[in-house]
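Each remark here refers to the structure printed beneath this line.
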Amino acid sequence: MSTFDQHLDLTPAGETVVRRHTSLPPPKPFDGTSELWPRWRARFQRFRLCSGLSNKPEDEQVGTLLYSMGDIADDILSVVRLDETKATYNETLSALDGYFNSKKSQI
């Protein structure tokens, strides 16, 4: 559930402006099922946009993605050999997409 705060500001023209700040929780950790990756990925992309994460530095975006995935992220990183400290958000997503696409084709 998100938290919700309202702040009222009076502009010089005397108009009232309502500013809303939300704090959205990230998606639940990913269970590692290849078939569910596109759905979880889309949910994280919405979270990234709505939470303002997309405006944050790359390392914070990568870290939040991997943290949100849960323990499975560490297992996958060791397989794809991605250095999370150097990879961009898009590079990380591409590596994860490749991992899950290859798992689907093996089934």
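Position 4 of the sequence shown, counted from 1, bears residue number 4 in UniProt numbering, the numbering being contiguous throughout. Even for Gly, the Cβ is constructed at its ideal location relative to N, Cα and C.
**Prompt:** Which residues in the same chain have their Cβ closer than 7 angstroms to the Cβ of Ile-76, if we skip the five residues on either side of it in sequence?
**Reply:** Taken in chain order, the residues that qualify are Leu-96 and Tyr-99.
**Request:** Compute the Euclidean distance between the alpha carbons of Asp-5 and Ser-102, then round it to the nearest angstrom.
**Result:** Confidence in Asp-5 is poor, its pLDDT being 49 and thus under 50, which makes the residue's placement too unreliable to answer from.
**Spatial neighbours of Ile-72 in its chain, beta-carbon cut-off 7 angstroms, leaving aside the 5 residues before and after** = Cβ-Cβ distances below 7 angstroms link Ile-72 to Phe-30 and Gly-32 in the same chain, with the five nearest sequence neighbours on each side left out; the list follows chain order.
**Prompt:** Among the residues of its own chain, which have a CB less than 6 angstroms from the CB of Ser-54, if the five just before and after it don't count?
**Reply:** Closer than 6 angstroms at Cβ, skipping near neighbours: Arg-48.
**Message:** Residues in the same chain with beta-carbon distance under 7 angstroms from Trp-40, minus the five sequence neighbours each way, listed in chain order, please.
**Reply:** Result list for Trp-40: Pro-27 and Phe-30, in chain order.
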